[in-house]
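*Asks:*
2 protein chains.
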Amino acid sequence: MASLGRATIRNVAQAVGVDPSTVSRILRNPGGRKTLTRERVLAAVQELGYRPNMLAQSLTTSLAPIIPLLVPDVSNWFFAEIARGAEEAAWSAGYSLILCNTGRSANREGVYLETLAALQVPAVIVAPNSESSALAIQRFIAVMPVVTIDRLVAGLDLPRGTVDNYLGGRLAAQHLVEFGHRQIACIAGPADASTAQERVQGYVDVLKEAGLVPAVITGGFTTKDGVRAARAFLKRAPRPSAVVCANDLCAVAFIHELETNGVHVPEDVSVIGYDDLPLAALVRPTLTSIYQPARRLGALGVELALGRTKLRSPVRLRPHLVARDSTARAT
Amino acid sequence: MASLGRATIRNVAQAVGVDPSTVSRILRNPGGRKTLTRERVLAAVQELGYRPNMLAQSLTTSLAPIIPLLVPDVSNWFFAEIARGAEEAAWSAGYSLILCNTGRSANREGVYLETLAALQVPAVIVAPNSESSALAIQRFIAVMPVVTIDRLVAGLDLPRGTVDNYLGGRLAAQHLVEFGHRQIACIAGPADASTAQERVQGYVDVLKEAGLVPAVITGGFTTKDGVRAARAFLKRAPRPSAVVCANDLCAVAFIHELETNGVHVPEDVSVIGYDDLPLAALVRPTLTSIYQPARRLGALGVELALGRTKLRSPVRLRPHLVARDSTARAT
DNA sequence: CTGAAAGCGCTAACAA
DNA sequence: TTGTTAGCGCTTTCAG
Numbered sequence: 054m055a056s057l058g059r060a061t062i063r064n065v066a067q068a069v070g071v072d073p074s075t076v077s078r079i080l081r082n083p084g085g086r087k088t089l090t091r092e093r094v095l096a097a098v099q100e101l102g103y104r105p106n107m108l109a110q111s112l113t114t115s116l117a118p119i120i121p122l123l124v125p126d127v128s129n130w131f132f133a134e135i136a137r138g139a140e141e142a143a144w145s146a147g148y149s150l151i152l153c154n155t156g157r158s159a160n161r162e163g164v165y166l167e168t169l170a171a172l173q174v175p176a177v178i179v180a181p182n183s184e185s186s187a188l189a190i191q192r193f194i195a196v197m198p199v200v201t202i203d204r205l206v207a208g209l210d211l212p213r214g215t216v217d218n219y220l221g222g223r224l225a226a227q228h229l230v231e232f233g234h235r236q237i238a239c240i241a242g243p244a245d246a247s248t249a250q251e252r253v254q255g256y257v258d259v260l261k262e263a264g265l266v267p268a269v270i271t272g273g274f275t276t277k278d279g280v281r282a283a284r285a286f287l288k289r290a291p292r293p294s295a296v297v298c299a300n301d302l303c304a305v306a307f308i309h310e311l312e313t314n315g316v317h318v319p320e321d322v323s324v325i326g327y328d329d330l331p332l333a334a335l336v337r338p339t340l341t342s343i344y345q346p347a348r349r350l351g352a353l354g355v356e357l358a359l360g361r362t363k364l365r366s367p368v369r370l371r372p373h374l375v376a377r378d379s380t381a382r383a384t
Numbered sequence: 054m055a056s057l058g059r060a061t062i063r064n065v066a067q068a069v070g071v072d073p074s075t076v077s078r079i080l081r082n083p084g085g086r087k088t089l090t091r092e093r094v095l096a097a098v099q100e101l102g103y104r105p106n107m108l109a110q111s112l113t114t115s116l117a118p119i120i121p122l123l124v125p126d127v128s129n130w131f132f133a134e135i136a137r138g139a140e141e142a143a144w145s146a147g148y149s150l151i152l153c154n155t156g157r158s159a160n161r162e163g164v165y166l167e168t169l170a171a172l173q174v175p176a177v178i179v180a181p182n183s184e185s186s187a188l189a190i191q192r193f194i195a196v197m198p199v200v201t202i203d204r205l206v207a208g209l210d211l212p213r214g215t216v217d218n219y220l221g222g223r224l225a226a227q228h229l230v231e232f233g234h235r236q237i238a239c240i241a242g243p244a245d246a247s248t249a250q251e252r253v254q255g256y257v258d259v260l261k262e263a264g265l266v267p268a269v270i271t272g273g274f275t276t277k278d279g280v281r282a283a284r285a286f287l288k289r290a291p292r293p294s295a296v297v298c299a300n301d302l303c304a305v306a307f308i309h310e311l312e313t314n315g316v317h318v319p320e321d322v323s324v325i326g327y328d329d330l331p332l333a334a335l336v337r338p339t340l341t342s343i344y345q346p347a348r349r350l351g352a353l354g355v356e357l358a359l360g361r362t363k364l365r366s367p368v369r370l371r372p373h374l375v376a377r378d379s380t381a382r383a384t
């Protein structure tokens, strides 16, 4: 009855009185001439609501027009944007993109990879959780094409796309140096995120080049980390006049905590974030930040996965600075 | 060579010198006794890196342990949270959740549905774009189990889960009434979102019950809508002392525009948002908002899809108010 | 416990 | 253009 969807190619064939292979041919050759059989087959397909079973299809042709993207956390706008970019790119290439949320767990990453390998997808894009993802991924590069985006996991020989985080760190620090700040602190991100490490390195190099002394404060990517860092920051003497934060979330919370303690941004301290979330333009003061081309990164992932780009060394996208109200010239 | 993943059951069988069916049995019966063949088969599986081909597997058993969730926009935190909730629930039930971003297009929604039907998934959860999704979805309810969450699409007879938006609208208005406001405006959401409509209705009813006059201003879910609404609001005379916004994004932009024009929140105007995004606690003034149980909604979607809950009338989750600094007692 | 055989739904030679 | 025949990789009777 209602199970129209379960109509098989044979049902169609029988309804018309032809062989299944005939139906198959007609269906996968849309530009054929309008013969009688053709007409009748197409009609029957409509009638029965027949849809080719992709599983069976892929079993013979061994490809599913699906490309998966694994991300640590879709709730994070940065990853969501990557997903959107990837979705568009996949779509244009005739693929459907499916998103898997690995929830910051290397274990779940492994299980998804397992499922997807079993699903015979043509390739998979993964935005790794951290270094600990290495093993899970390593097991699969022999099984199917795997590419990574964003964080760089050591010891993996596969196509990679990332944002030039070192450059991003430099841009942030340079902005502050140009504004005349001499005491510039940096709130570091998680130790297991290559991206955060590179940013800090960029910051450190710029300061050294300018003859300034780097001051790295322990931090992280969450608002809690921002609050904690703010407390550490407030105890410093002399107090730096500018801060490069691990990311926007951290920065916003950092500022919040500062203001709560009567320290004003940007009058007393200049603050710069990272990611350029939509949030950055909505808070007050609006937040100066480093924009990451997340959508393009997603699209790049698809290109790499589809083998359009073969480069073996990481492809690095350029971030740029977006100046807003949270940074001001040193007084 | 490297194509370990392509090892088939037959390869394993040959390596051990048994029949494929034996391998199959052993593999799908983990709790068997430790016979010699068993040992050797398991060893060979390891050796060859054999992974059952899910496609072939599903072809016979006709089920893939995958359940898809279609959302309009993963960049929207609300939908991302729904996804996370669904992911957890699916996971616990032994399924992998895959996310599809329909990009606010009914067309793409249709294509995904098509692909997923072909993939023989056991069911699909969709958070519809709008009323226009009705046709696309309608075509599939005969093909496979479909459930919807969040927005209610008219004319679809299927399991539905949603948040009680009418109640949400009431809660927002009541809060303001209790604070002594007499002139309370409401910025409406998109006309094609049932959720937004219900909220307005809740607001209207509360005002009428309190003997007040509703004032609905055209709005929407984006920051642009918030700015536009603010301009319309500022022209009003007499100016309302409180506003219920379509959602948090709209509210934040609304407040921003008000402050820019020298109107302060909450001193001059109380503002309340909807969704309770993380953003709400980060802006200043912090935003009073209606919390939507997004994760639970996602989990509910999975339950409905898996047929655990059979109810035919929509399951409504309760929202609640989170009071913060953007609302104050009327002076 | 094991092997043989059939079949899931579809596509791809190969003839006719 | 069509029908015939295999076969994709796996599971599942059914005998043994």
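Protein chains in written order, with our numbering: chain A, 54 to 384; chain B, 54 to 384.
Just so you know, even glycine gets a beta-carbon here, dropped at the ideal spot from N, CA and C.
Starting from P121 of chain A, follow its DSSP beta bridges and name the residues at the other end.
*Replies:* BP columns for P121 of chain A point to A:I151.
*Asks:* For A376 of chain A, which of A:V259, A:Y327, A:A290, A:A249 has the nearest alpha-carbon?
*Replies:* If we check each option's Cα against that of A376 of chain A, A:Y327 comes out closest.
*Asks:* Taking only three categories from DSSP, how would you classify A238 of chain A?
*Replies:* A238 of chain A falls in the strand class under three-state DSSP.
*Asks:* Quick one: measure Cβ to Cβ for L340 of chain A and D301 of chain A, integer angstroms, because I've assumed they're closer than 8 Å.
*Replies:* At roughly 6 Å, the Cβ-Cβ gap stays under 8 Å, so L340 of chain A and D301 of chain A are in contact.
*Asks:* Give me the subset of the segment 154 to 174 of chain B whose CB atoms are less than 9 Å from a CB atom of chain A, sorted by chain position.
*Replies:* Under the 9 Å Cβ criterion, the segment 154 to 174 of chain B contributes N154, G156, R161, V164, Y165, E167, T168, L169, A170, A171, L172, Q173.
*Asks:* Run through DSSP, which three-state label would H317 of chain B get?
*Replies:* Looking at H317 of chain B - three-state DSSP - the assignment turns out to be coil, as it is neither helix nor strand.
*Asks:* Sorted by chain position, which residues of the same chain lie with C-beta nearer than 8 Å to A159 of chain A's C-beta, five sequence neighbours on each side aside?
*Replies:* Contacts found: N182, S183, S185, S186, L188, A189.
*Asks:* Does any residue of chain B have a CB that is nearer than 8 Å to the CB of S149 of chain A?
*Replies:* Cβ-Cβ to chain B under 8 Å: yes for S149 of chain A.
*Asks:* Chain A partners of L332 of chain B, CB-CB under 8 Å?
*Replies:* Ordered by position in chain A, the residues that pass the 8 Å Cβ test against L332 of chain B are L332, L335.
*Asks:* Under a CB-based cut-off of 8 Å, is P105 of chain B close to chain A?
*Replies:* So yes, P105 of chain B belongs to the interface.
*Asks:* Does DSSP put G214 of chain B in a helix, in a strand, or in coil?
*Replies:* Three-state result, G214 of chain B: strand.
*Asks:* Any idea if D329 of chain A is buried or exposed, counting beta-carbon neighbours within 10 angstroms, 16 or more meaning buried?
*Replies:* Looking at its Cβ environment, which holds 16 or more other Cβ atoms inside 10 Å, D329 of chain A is buried.
*Asks:* Chain B partners of G102 of chain A, CB-CB under 8 Å?
*Replies:* What G102 of chain A touches in chain B: A195, V196.
*Asks:* Excluding five sequence neighbours on each side, which residues of the same chain lie with their C-beta closer than 6 Å to the C-beta of E310 of chain A?
*Replies:* Result list for E310 of chain A: V280, A283, in chain order.
*Asks:* Look at V216 of chain B and P73 of chain B and say whether their C-beta atoms are less than 8 Å apart.
*Replies:* No, the Cβ-Cβ distance between V216 of chain B and P73 of chain B is not below 8 Å.
*Asks:* Should R252 of chain B be labelled buried (16 or more other beta-carbon atoms within 10 Å of its own) or exposed?
*Replies:* Classification of R252 of chain B: buried, given that the 10 Å Cβ count is 16 or more.
*Asks:* Determine, using beta carbons only, whether R377 of chain A comes closer than 8 Å to chain B.
*Replies:* Chain B contact via Cβ: absent.
*Asks:* Pull up the distance between the alpha-carbon of R365 of chain A and that of L101 of chain B, whole angstroms please.
*Replies:* About 27 Å.
*Asks:* Indicate whether at least one CB of chain B lies closer than 8 Å to the CB of A109 of chain A.
*Replies:* So, interface residue.
*Asks:* For L370 of chain B, which residues does DSSP report across the bridge?
*Replies:* Partner(s): B:V216.
*Asks:* Do P319 of chain B and T380 of chain B have their C-beta atoms closer together than 8 Å?
*Replies:* Their beta carbons are under 8 Å apart, which means P319 of chain B touches T380 of chain B by this criterion.
*Asks:* Y103 of chain A: which of A:L80, A:L112, A:R86, A:I120 sits nearest, CA to CA?
*Replies:* Considering only alpha carbons, the answer is A:L80.
*Asks:* Who are the neighbours of E134 of chain B on chain A, taking C-beta pairs under 7 Å?
*Replies:* Here the neighbours are S128.
*Asks:* Write down every uninterrupted run of the alpha helix (DSSP H) in the segment 283 to 344 of chain A whose length is 4 residues or greater and which is fully enclosed by it, in chain order.
*Replies:* Counting whole runs of 4 or more residues, the segment 283 to 344 of chain A contains the alpha helix (DSSP H) stretches 301 to 313, 332 to 335.
*Asks:* For L166 of chain A and R161 of chain B, what's the separation of their Cα atoms in angstroms?
*Replies:* Roughly 26 Å separates the two Cα atoms.
*Asks:* From the DSSP output, read off the bridge partner residues of A268 of chain A.
*Replies:* A:A238.
*Asks:* By a C-beta neighbour count over all protein chains shown, 10 Å radius and 16 as the cutoff for buried, is N154 of chain A buried or exposed?
*Replies:* Its Cβ being crowded by 16 or more others within 10 Å, N154 of chain A is buried.
*Asks:* Using the three-state DSSP reduction, which class does I194 of chain A fall into: helix, strand or coil?
*Replies:* Of the three classes helix, strand and coil, the one that applies to I194 of chain A here is coil, per DSSP.
*Asks:* In terms of residues, what are the limits of the alpha helix (DSSP H) holding V257 of chain B?
*Replies:* 247 to 262 is the extent of the alpha helix (DSSP H) around V257 of chain B.
*Asks:* State the Cα-Cα distance for the pair T91 of chain B and I119 of chain A, rounded to the nearest angstrom.
*Replies:* The residue you asked about is not Thr; residue 91 of chain B is Arg in the sequence shown. So the alpha carbons of these two residues sit roughly 35 Å apart.
*Asks:* DSSP has T201 of chain A in a bridge; who is on the other side?
*Replies:* Bridge partners of T201 of chain A: A:V179, A:R213.
*Asks:* Answer with buried or exposed for A66 of chain A, where buried requires no fewer than 16 other C-beta atoms within 10 angstroms of its C-beta.
*Replies:* When all chains shown are included, A66 of chain A counts as buried.
*Asks:* Does L95 of chain B have its Cβ less than 8 Å from a Cβ in chain A?
*Replies:* Not closer than 8 Å to any Cβ of chain A, the Cβ of L95 of chain B fails to qualify, so no.
*Asks:* With distances taken from CA atoms, which of A:A333, A:P243, A:G214, A:H317 is nearest K363 of chain A?
*Replies:* Checked all of A:A333, A:P243, A:G214, A:H317; the closest Cα to K363 of chain A is A:G214.
*Asks:* I'd like the span of the alpha helix (DSSP H) that includes L89 of chain B, first residue to last.
*Replies:* Here the alpha helix (DSSP H) through L89 of chain B covers 89 to 101.
*Asks:* With H, G and I counted as helix, E and B as strand and the rest as coil, what does DSSP make of V71 of chain A?
*Replies:* Here V71 of chain A sits in coil by DSSP.
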